[in-house]
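Colleague: In the numbering used here, the protein residues as written are 49 to 675.
From the three backbone atoms N, C-alpha and C, an ideal C-beta is built for every residue, glycine too.
The structure presented is a predicted model; accordingly, all values stated were derived computationally and were not measured.
Quick one: structure below, then a few questions.
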Amino acid sequence: MNYYNISLIGSPLEPFTYHFDAVLEVGVEVEVTVRSRSAKGVVLSQTKQPSFTTHEIVKLTAFRYSQKQMEMAKFIAAYYICSLGDAFALLTPFVSSLEHSYAHTGYANEENTKRSGQTQQDSKIVLSKKQQEALVFLKQHKTALLFGDTGSGKTEIYMKYFEAVMDEGKRSIFLMPEISLTPQMSQRLEEHFGEKVVMWHSKLTPKKKKEAMAKIYSGEAKIIAGPRSALFLPIEDLGLIVVDEEHDDSYKSSSRPRYNARDIAIYMGRLYDVHVVLGSATPSLSSYVKFPHIRLKGGHFVAKKSFIYEKNIESLSPMIVSQLEETLQKKEQSIVFLPTRANFKYLICQDCGHTIQCAFCSVGMSVHQHSRALKCHYCNFTQAIPQVCPECHSSQLTSSRLGTAEAVQNIKELLPNAVVQQFDRDAITTANKLKKALKMFNNKESDILVGTQMLSKGHDYHGVTLAVVLGMDNMLNMSDYRAREKALSALIQVAGRSGRAQDAKVIVQTFNEEFFSTYVNNYEEFLESEKFFRQELYPPYKKLCRVLFSHKNGAKARDAMHQMQERLTAFGGVEIVGSGKCAIERVANKYRFEILLRSDKSTELIKAVHATKVAMAEVDMDPIEFG
Numbered sequence: 049m050n051y052y053n054i055s056l057i058g059s060p061l062e063p064f065t066y067h068f069d070a071v072l073e074v075g076v077e078v079e080v081t082v083r084s085r086s087a088k089g090v091v092l093s094q095t096k097q098p099s100f101t102t103h104e105i106v107k108l109t110a111f112r113y114s115q116k117q118m119e120m121a122k123f124i125a126a127y128y129i130c131s132l133g134d135a136f137a138l139l140t141p142f143v144s145s146l147e148h149s150y151a152h153t154g155y156a157n158e159e160n161t162k163r164s165g166q167t168q169q170d171s172k173i174v175l176s177k178k179q180q181e182a183l184v185f186l187k188q189h190k191t192a193l194l195f196g197d198t199g200s201g202k203t204e205i206y207m208k209y210f211e212a213v214m215d216e217g218k219r220s221i222f223l224m225p226e227i228s229l230t231p232q233m234s235q236r237l238e239e240h241f242g243e244k245v246v247m248w249h250s251k252l253t254p255k256k257k258k259e260a261m262a263k264i265y266s267g268e269a270k271i272i273a274g275p276r277s278a279l280f281l282p283i284e285d286l287g288l289i290v291v292d293e294e295h296d297d298s299y300k301s302s303s304r305p306r307y308n309a310r311d312i313a314i315y316m317g318r319l320y321d322v323h324v325v326l327g328s329a330t331p332s333l334s335s336y337v338k339f340p341h342i343r344l345k346g347g348h349f350v351a352k353k354s355f356i357y358e359k360n361i362e363s364l365s366p367m368i369v370s371q372l373e374e375t376l377q378k379k380e381q382s383i384v385f386l387p388t389r390a391n392f393k394y395l396i397c398q399d400c401g402h403t404i405q406c407a408f409c410s411v412g413m414s415v416h417q418h419s420r421a422l423k424c425h426y427c428n429f430t431q432a433i434p435q436v437c438p439e440c441h442s443s444q445l446t447s448s449r450l451g452t453a454e455a456v457q458n459i460k461e462l463l464p465n466a467v468v469q470q471f472d473r474d475a476i477t478t479a480n481k482l483k484k485a486l487k488m489f490n491n492k493e494s495d496i497l498v499g500t501q502m503l504s505k506g507h508d509y510h511g512v513t514l515a516v517v518l519g520m521d522n523m524l525n526m527s528d529y530r531a532r533e534k535a536l537s538a539l540i541q542v543a544g545r546s547g548r549a550q551d552a553k554v555i556v557q558t559f560n561e562e563f564f565s566t567y568v569n570n571y572e573e574f575l576e577s578e579k580f581f582r583q584e585l586y587p588p589y590k591k592l593c594r595v596l597f598s599h600k601n602g603a604k605a606r607d608a609m610h611q612m613q614e615r616l617t618a619f620g621g622v623e624i625v626g627s628g629k630c631a632i633e634r635v636a637n638k639y640r641f642e643i644l645l646r647s648d649k650s651t652e653l654i655k656a657v658h659a660t661k662v663a664m665a666e667v668d669m670d671p672i673e674f675g
């Protein structure tokens with residue numbers, strides 16, 4: 049009889065021991081029972097017969113994890129301080145044997161069962177001298193940053209690099225934020241690379257997902273483009289990883305394990321010995337400091353862009369309405385950016401100041417006018433919009449901030465002849481809706497797009513001559529050490545969507561004109577000044593770790609925090625920056641407490657947290673959320 053250590057996929061538990069008649073290879077996926085329930089597991093190692101009784105492995109599945117995937121799972125578990133089972137849950141395994149098992153996986157495709165060999169690409173991409181220099185630079189460095197302005201041709205450089213990798217018989221991963229997986233990007237890649245490209249994202253239908261996996265397993269897919277989950281697909285012969293919009297927060301997972309896909313891509317570059325390219329018009333200070341970069345200034349568009357700053361609170365002021373009207377009369381188009389989606393704002397009583405809060409979270413509920421409801425964006429609890437204040441019964445209820453839905457409604461009332469579209473996650477819920485909205489706007493069937501971050505991501509709006517940017521001061525005043533970086537980045541990204549075909553105006557509503565006007569055309573200078581602000585305190589010069597404790601009984605969560613905090617005092621290389629209630633104390637009816645740790649080295653933090661961790665603790669290495 050043979051005994052094996054098995055990691056249960058998706059389980060926070062430590063590995064279990066099972067037995068099996070046959071000899072099994074490390075990395076094989078198996079089916080086992082846990083408390084009479086069926087579960088999938090991964091064979092970690094063979095072991096001696098334990099002193100306790102073990103269960104038998106039920107059967108082998110048709111899948112296996114490669115040696116590199118095993119190493120990756122162990123790294124994720126160690127660095128992000130989670131179970132191996134949680135790490136394996138991120139990874140999609142390989143098919144155990146193409147000949148023996150492929151037809152039984154449900155991914156078989158007659159045309160795809162032969163592994164594609166080396167393919168020579170007939171290139172139609174012609175790079176400029178500057179773009180060619182950038183490509184040469186990227187090839188000279190294992191990990192490098194392509195710091196290129198919006199419209200400077202970063203995508204052409206990526207595509208040329210993909211061609212070179214394909215010519216070597218290897219494959220590429222093209223990571224981008226889910227929000228950037230636009231119809232234009234898909235069309236561009238598919239027109240050039242045809243069947244060799246697979247677009248991977250959460251909105252794929254089960255049928256499309258199966259087709260994509262068949263191409264990935266067979267090797268026909270030479271470029272796999274998608275959000276952070278694309279990084280964990282079973283790809284052999286890897287030659288290149290490109291992380292576009294590397295500064296984007298969506299690369300960081302908000303649930304366990306709280307990994308950052310950009311950082312995992314950099315680790316994979318070392319593990320697989322392949323090149324990694326980080327690209328952005330507004331790179332994070334972290335990447336700017338850590339990696340060699342090449343600057344790509346200017347773009348294909350020679351139109352002028354003038355910035356107008358208006359000292360005002362977040363509102364559709366008379367000046368903004370007048371500019372929107374003037375643009376409309378010229379038969380030109382406008383975009384209006386707000387950092388908050390839908391009516392992501394709270395309902396406040398003007399008489400007593402009471403905020404309508406979620407019954408299960410210590411946070412105000414957001415107003416959604418379309419569904420005539422209040423919704424909690426933390427636990428999704430929904431209720432009808434009340435007519436009177438629950439505290440003082442006054443009918444004077446107002447919302448504190450302007451959201452996209454309200455902005456659309458206001459513009460329609462003020463400019464009845466304008467065709468106005470809402471462009472956020474509440475309105476654009478499917479890929480078809482996205483295509484339809486963009487087609488309408490690019491065909492000039494709509495005049496004004498009102499939206500959130502979606503406006504700034506990878507969409508080409510050739511007719512936009514006015515960009516209105518609201519809510520910059522709210523972003524600038526967030527309790528986040530990266531608030532300046534995030535606010536300036538958002539402004540540059542949105543402004544970059546205007547003035548592509550003709551001269552444009554960008555109206556920025558802010559009381560901080562000096563900051564924005566100094567750096568909006570010189571992001572590099574901002575990064576240099578930001579270095580001094582961060583030194584000795586924040587990343588990339590220090591490592592941070594946030595430990596969360598949540599429980600329906602607040603006293604239990606607090607006690608768990610105090611217990612771990614006391615243990616942590618024994619570690620001299622780790623500073624306890626602060627501890628106590630989270631800024632949002634209650635979410636989904638659980639009370640939340642936290643400890644924030646700082647150190648010069650991540651190894652010191654990992655060592656301290658591993659040694660002191662209590663059962664209730666959830667660890668967030670390199671946190672970006674402090675709410």
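Find out if the Cβ-Cβ distance for the pair Arg343, Phe195 is shorter than 8 Å.
Modeller: Between Arg343 and Phe195, the C-beta gap is smaller than 8 Å, which places the two residues in contact.
Colleague: Compute the distance between the beta-carbons of Ile57 and Phe136, then report whether it is under 8 Å.
Modeller: With respect to Phe136, Ile57 sits close: the two C-beta atoms are nearer than 8 Å.
Colleague: Indicate whether at least one CB of chain B lies closer than 8 Å to the CB of His610.
Modeller: This model lacks chain B altogether, as it is built from one protein chain only.
Colleague: Which partner residues of Asn570 appear in the DSSP bridge assignment?
Modeller: In the DSSP output, where bridge partners are listed per residue, Asn570 has none listed.
Colleague: Considering only residues of the same chain and omitting the five flanking positions on each side of Thr558, which have a CB-CB separation below 7 Å?
Modeller: Tyr357, Met520, Asp521, Phe564
Colleague: Hey, out of Phe619, Ser328, Ile129, whose CA is closest to Glu572's CA?
Modeller: Ser328
Colleague: Please tell me whether Leu463 and Leu372 are closer than 8 Å, where the distance is taken between their beta carbons.
Modeller: yes
Colleague: Where Thr81 and His599 are concerned, what is the direct C-alpha to C-alpha distance, given to the nearest angstrom?
Modeller: Cα to Cα, Thr81 sits roughly 29 Å from His599.
Colleague: So Trp248 and Ala212 are in contact, right, with Cβ under 8 Å, and what is the actual spacing, rounded?
Modeller: About 22 Å separates the two Cβ atoms, so there is no contact after all.
Colleague: In its own chain, which residues sit with a C-beta less than 6 Å from the C-beta of Gln166, not counting the 5 before and 5 after it?
Modeller: Summary for Gln166: the model assigns pLDDT 47, below 50, so the residue's position carries little reliability, and this model does not support an answer.
Colleague: Can at least three beta-carbon pairs, one atom from the region 284-295 and one from the region 83-99, be found at a separation below 8 Å?
Modeller: no
Colleague: According to the Cβ coordinates, are Ala543 and Thr513 closer than 8 Å?
Modeller: No.
Colleague: For Lys460, which residues of its own chain have a beta-carbon under 8 Å away from its beta-carbon, when the five flanking residues on both sides are left out?
Modeller: Ala466, Val468
Colleague: On the DSSP bridge assignment, give the partners of Met247 in chain order.
Modeller: Ala273
Colleague: Go through its chain and collect everything with a Cβ distance to Met664's Cβ below 6 Å, but skip five positions before and after it.
Modeller: Phe597, Ala608
Colleague: Considering Tyr52, what are the terminal residues of the beta strand (DSSP E) in which it resides?
Modeller: 50-56
Colleague: In terms of alpha-carbon separation, which member of Leu518, Ser546, Lys590 lies closest to Glu561?
Modeller: Leu518
Colleague: Whose C-beta lies closer than 6 Å to the C-beta of Met118 among residues of the same chain, with five residues either side of it excluded?
Modeller: Taken in chain order, the residues that qualify are Gly75.
Colleague: If I measure Cβ to Cβ from Glu62 and keep anything under 6 Å in the same chain, skipping five residues before and after, which residues do I get?
Modeller: Counting only Cβ-Cβ distances below 6 Å, and skipping sequence neighbours, we find nothing.
Colleague: Quick check: Asp668 and Arg594, are their CB atoms within less than 8 Å of each other?
Modeller: Cβ distance < 8 Å, so Asp668 and Arg594 count as in contact.
Colleague: Among Lys172, Lys122, Ala475, whose alpha-carbon lies nearest the alpha-carbon of Leu237?
Modeller: Closest option to Leu237, judged by alpha-carbon separation, among Lys172, Lys122, Ala475: Lys172.
Colleague: So which of Pro438, Glu380, Met502, Ile632 has the shortest CA-CA distance to Ile404?
Modeller: Pro438
Colleague: Please report the distance separating the alpha-carbon of Thr446 from that of Cys400.
Modeller: So the alpha carbons of these two residues sit roughly 12 Å apart.
Colleague: Go to Glu454, then tell me how far its beta strand (DSSP E) extends in each direction, as first and last residue.
Modeller: From DSSP, Glu454 is part of no beta strand (DSSP E) but of the alpha helix (DSSP H) over 452-462.
Colleague: Since I believe Tyr66 is in contact with His41 (beta carbons under 8 Å), could you give me their beta-carbon distance rounded to a whole number of angstroms?
Modeller: Here the chain has residues from 49 to 675 only, and residue 41 is not among them.
Colleague: Note down, in chain order, each residue of its chain lying with its Cβ closer than 6 Å to the Cβ of Tyr299, except the 5 sequence neighbours on either side.
Modeller: Arg276, Asn308, Ala309, Arg310
Colleague: Could you name the residues of the same chain whose beta carbon sits closer than 6 Å to that of Ala535, not counting the 5 residues immediately before and after it, in chain order?
Modeller: Met520, Met523, Leu524
Colleague: So what does Met520 bridge to, in DSSP terms?
Modeller: Partner(s): none; Met520 has no beta bridge.
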